[in-house]
Structures are given as structure tokens and as C-alpha cells.
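Visitor: For reference, the structure I am asking about is given below.
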Amino acid sequence: MNITIICEVFGEANNGTTIAAINLINFLKKQGHNVKVVCPDEDKRGLEGYYILPKQNLGALINWRIRVNDIVLAKFDRKTIYEAVKDADIVHVMLPLFISRRTTKYITSLGIPVTGGFHAQAENFTNQVGMQNVKLANKLMYHWYDGNIFRRAQAIHYPTQFIRDIFENEMGRKTNGYVISNGVNKIFKPNPGPKPEQFKDKYCILFTGRLSAEKSHTVLLEAVHKSKYNDRIQLFLAGNGRTEKAIRKYSNKNLVNQPVIDFFSREKLLEIINFCDLYCHPAEVEIEAIACLEAISCGLVPVIANSPKCATKNFAIDERSLFKVNDSTDLARKIDYFIEHPEEKAELSRKYLEESVNYDQDECMRQMEEMFLNEIEKFKKKKLV
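Position 124, counted from 1, in the sequence shown is what numbering that gives the first Met the number 0 calls 123; the numbers after and before it change by one each time, with no gaps.
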């Protein structure tokens with residue numbers, strides 16, 4: 000199979016969409032497929048199989064917003080895209096953003112089937128202008144997605160049933176969709192080790208993800224401040240982003256132990272997961288929190304916001320793992336409960352490990368491969384009719 004992956008956002012592996020793209024590209028190459036990648040990253044120029052688009056200029060304010068999230072957006076360039084797709088059996092567009100309308104329209108005019116990835120909720124973007132709770136703004140965003148790519152796409156990849164239900168409800172129609180998790184790498188498995196000396200007397204709580212408003216870090220910080228055990232709790236925030244300054248400011252004023260904040264290497268993250276005591280996920284908006292699944296796959300019990308805008312709540316197998324969204328007092332109660340009931344937490348850990356086998360990354364990527372092959376065959380049959 001010759002396949003081209005269009006990555007309007009690529010860059011560093013510091014966000015879920017980029018990590019999903021990297022995992023998909025690597026798996027398809029290992030299976031012997033010819034994979035071409037279109038992206039705006041200058042550091043990939045000259046690498047075999049990479050086709051570099053110019054960067055998008057959306058004005059000073061929007062450019063700044065994008066830059067502080069360590070994101071570069073691509074700009075449509077017909078010549079570059081043609082070179083990348085001219086021999087493709089199928090093209091997969093990772094995001095329904097700025098270049099997707101012209102890209103998919105152009106690719107389908109060449110007689111090449113296109114599939115689209117649903118890796119961004121409307122709230123991921125309306126949040127940038129303070130409108131994530133405005134229903135009309137989110138509805139208009141989903142219609143924009145639909146017009147940009149999904150009405151032209153032969154099939155849609157949904158990482159969760161949660162986001163499929165939201166989108167189909169907003170559009171008022173069923174879609175040709177495949178619900179396939181992005182999966183968890185096999186390296187994420189229990190490997191308990193001693194805590195570093197400076198943390199050996201601390202109760203270590205981890206959150207992994209981009210430092211942005213929709214991840215609701217403030218709720219976690221406030222919960223630690225309210226906890227009966229605030230002097231024992233050590234937070235680890237594995238990620239980077241534009242809210243880091245605000246997080247540090249709040250922590251300096253309100254927390255006994257300052258959080259450890261960094262974008263850790265995969266090896267270091269594995270070490271941290273395996274010596275932490277609890278995983279807390281306060282995000283209000285999320286399609287699929289692979290970071291939460293990685294922690295669960297290492298045996299950490301999660302405490303997850305029960306948000307109607309977040310698929311992560313569906314990973315909870317017990318009510319003790321859920322807290323009221325944006326309610327730091329309820330989160331503090333859940334944290335204190337697990338500190339006081341280690342035997343119950345240990346039993347839950349075993350149950351979560353049993354569930355984690357359903358998210359094996361290799362199996363998920365095989366399903367993605369099957370989706371592409373199915374859609375190529377369906378496209379060929381349609382052409383013969």
C-alpha cells in the first residue's frame with residue numbers, strides 16, 4: 000500500500016495528535032507499506048518520504064497563541080501536495096483544520112480516496128478565545144470541520160465512540176466511521192521501583208498532558224491545597240504549555256511542596272509513573288487521554304473528572320475513580336480516600352491492569368491498517384460501477 004499522511008500539525012511529540020501520527024507512521028512502515036508524510040516542519044526537510052509545506056500565517060495574535068503551545072500550522076501548497084500524493088492508494092488527513100478543505104478537494108479531484116482523523120474537539124479551539132462553554136460556537140466549529148474534510152472523506156477515524164456520538168449528533172447524520180483507539184505502547188507496563196530519596200516520604204500524584212486551560216490543572220492544584228495531607232503530597236505535571244507560569248504562581252503561594260513540572264523523556268516518564276502513588280486527570284475537554292491509559296497500564300489507579308466533554312471518564316471502572324468536574328473539593332476527598340485506603344487502591348490497580356490489555360497499540364494500529372485497506376477496496380469497487 001502506498002499511503003500519504005497529511006499532518007497539518009506535527010512537530011515535537013508533546014501532544015496527542017503528533018504522538019498518534021508518529022505511532023501510525025512507524026507501524027505502517029514496519030508493515031512494509033510505502034509511507035509519505037506531509038508536514039510544515041523544517042527539521043524534516045531532506046528526510047526521505049517527508050514533504051514540507053510552508054508555515055501558516057494567521058496574524059500576530061493567533062500566531063502567538065499557536066506558538067506558545069509549541070505548534071506550527073501548515074499552509075496549502077499544491078505542488079508539494081501533488082508530489083506527495085500522486086502515487087498514493089489512499090491519503091489520511093490527521094486534522095480537519097486550515098488546509099484540509101483545499102487539500103481534500105484537490106486530492107479527491109485526482110481520483111484518490113481520502114480518510115479523515117478526528118483528533119480535535121471543537122472546545123480545543125473555542126477555548127483559545129474563551130468560548131469553550133458557548134454551545135453555538137462549538138456547534139459552528141463542528142460544522143466547519145465537516146465542511147473542511149469530513150463530508151469529502153470516504154471514512155472517518157474516531158479515537159473513541161464518545162467523539163463519534165458527539166459529532167454525529169451535531170451533524171444529524173450517521174457517518175462511515177471507524178472507532179479505533181490510538182493505543183498504548185507495550186513499554187508501558189508495571190515496573191515498580193523505589194522512589195527517589197527526596198520523594199520517599201511523599202505521596203506522589205501524576206498528571207500527564209499539555210499545560211493548557213482545558214486540562215483544568217487549577218482544579219488539581221486546589222484539591223492538593225484542600226487535602227488533609229497537603230504537606231505530604233508531591234505533584235508531578237508531565238508536560239509543557241502556556242499555563243505553566245500560572246501553575247507555578249499558584250503553587251508558590253498555596254502548596255507546601257512545589258510541583259515537578261517538565262516535559263520528560265519517555266524513559267523518565269516511565270520511571271515516574273512506576274514510583275507514583277496515584278494518577279489524577281482533571282481535564283474538562285479530551286477525545287482520548289492516552290496519557291491516562293499509559294498510567295493505568297503501569298498499574299496506577301486514576302481519579303478522573305466526570306466531564307460530559309471528556310472521553311477519559313469512560314476509562315473509569317469504579318465510582319471511586321471519578322470526581323465531579325471542576326470540583327476541587329470532591330477531588331480532594333477522592334485523593335484523601337485513596338491515601339487512607341491503600342488496600343482498596345491496590346485491588347483497583349489489579350482490576351485496571353486487566354482492562355488495559357484492550358488498548359494494545361499494535362492491535363489498534365492493525366485496525367487502522369485494515370481501515371485503509373478496506374477503504375481502498377471500496378473505492379476501487381465504486382469506480383467500476
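Backbone N, C-alpha and C define an ideal beta-carbon position, used for all residues, glycine too.
#1: Using 8 Å for Cβ pairs, my map puts residue 96 next to residue 72. What's the rounded Cβ distance?
#2: Could you check if residue 174 belongs to the surroundings of the ligand HEM, using beta carbon to heavy atom distance under 8 Å?
#3: DSSP on residue 17, reduced to helix/strand/coil?
#4: Is it true that the CB of residue 268 sits closer than 9 Å to the CB of residue 239?
#5: Between residue 380 and residue 365, what straight-line distance do the alpha-carbon atoms span, to the nearest angstrom?
#6: For residue 366, name the three-state secondary structure that DSSP assigns.
#7: Say whether the segment 162 to 174 touches the segment 187 to 196, bearing in mind that this needs 3 or more beta-carbon pairs closer than 8 Å, one atom from each stretch.
#8: On the three-state DSSP scale, how would you describe residue 8?
#9: By how many angstroms is the C-alpha of residue 126 removed from the C-alpha of residue 62?
#10: Roughly how many angstroms lie between the CA atoms of residue 383 and residue 30, to the nearest whole one?
#11: Using DSSP with H/G/I as helix, E/B as strand and the rest coil, what is residue 195?
#12: What residue does the alpha helix (DSSP H) around residue 284 start on, and which one ends it?
#13: Quick one: residues in its chain with C-beta nearer than 7 Å to the C-beta of residue 122, no 5 flanking neighbours on either side, listed in chain order?
#14: The beta strand (DSSP E) that contains residue 33, what's its start and end?
#15: Short check: CB of residue 371 to CB of residue 2, under 9 Å?
#16: Could you tell me which residues DSSP pairs with residue 279 in its beta bridges?
#17: Which two residues bound the contiguous alpha helix (DSSP H) that contains residue 323?
#18: Tell me whether residue 386 is buried or exposed, calling it buried when 16 or more other Cβ atoms sit within 10 Å of its Cβ.
#19: Can you list, in chain order, the residues of its chain whose CB lies under 6 Å from that of residue 35, leaving out five sequence neighbours each side?
#20: Give me the Cβ distance between residue 236 and residue 223, rounded to the nearest whole Å; I'm assuming they're in contact under 8 Å.
#21: Let me make sure I understand the geometry here. Which of 147, 155, 113 has the alpha-carbon closest to that of residue 101?
#22: For the beta strand (DSSP E) that residue 144 lies in, which residues bound it at each end?
#23: I need the DSSP call for residue 24, collapsed to helix, strand or coil.
#24: Once DSSP output is grouped into helix, strand and coil, what is the label at residue 124?
#25: Quick one: what's residue 177 bridged to in DSSP?
#26: Can you tell me whether residue 340 is helix, strand or coil according to DSSP?
#27: Using the Cα positions of residue 319 and residue 39, report the straight-line distance between them to the nearest angstrom.
#28: Quick check on the DSSP output: the alpha helix (DSSP H) that includes residue 96 runs from which residue to which?
#29: So what's residue 3 in DSSP terms, helix, strand or just coil?
#30: I need the DSSP call for residue 262, collapsed to helix, strand or coil.
#31: Tell me the residue span of the alpha helix (DSSP H) that contains residue 222.
#32: Can you tell me whether residue 242 is helix, strand or coil according to DSSP?
#33: Can you tell me whether residue 252 is helix, strand or coil according to DSSP?
#34: Distance, Cα to Cα, residue 173 vs residue 349?
#35: Can you name the start and end residues of the beta strand (DSSP E) that residue 358 belongs to?
#36: Does the segment 287 to 297 come close enough to the segment 344 to 359 to have 3 or more Cβ pairs within less than 8 Å?
Guide: This is what the structure gives:
#1: 7 Å
#2: No copy of the ligand HEM appears in this structure; indeed no ligand is present at all.
#3: helix
#4: no
#5: 23 Å
#6: helix
#7: no
#8: strand
#9: At residue 62 the pLDDT is 49, less than 50, meaning the model places this residue with poor confidence; the figure from the coordinates comes in the next sentence. Each residue's alpha carbon lies about 15 Å from the other.
#10: 28 Å
#11: coil
#12: Segment: none, residue 284 is in no alpha helix (DSSP H) and carries neither H nor E.
#13: 131, 137, 213, 284, 308
#14: 33 to 38
#15: yes
#16: 302
#17: Note, residue 323: premise wrong, no alpha helix (DSSP H); beta strand (DSSP E) at 321 to 323.
#18: Past the edges of the chain, shown from 0 to 384, lies residue 386, and the structure says nothing about it.
#19: 3, 48, 83
#20: The Cβ separation is near 11 Å, so there is no contact.
#21: 147
#22: Here residue 144 belongs to no beta strand (DSSP E); instead the alpha helix (DSSP H) covers 134 to 144.
#23: helix
#24: helix
#25: 156
#26: coil
#27: 43 Å
#28: Premise fails: residue 96 is in no alpha helix (DSSP H) and is neither H nor E.
#29: strand
#30: coil
#31: 216 to 225
#32: coil
#33: helix
#34: 38 Å
#35: From DSSP, residue 358 is part of no beta strand (DSSP E); its letter is neither H nor E.
#36: yes
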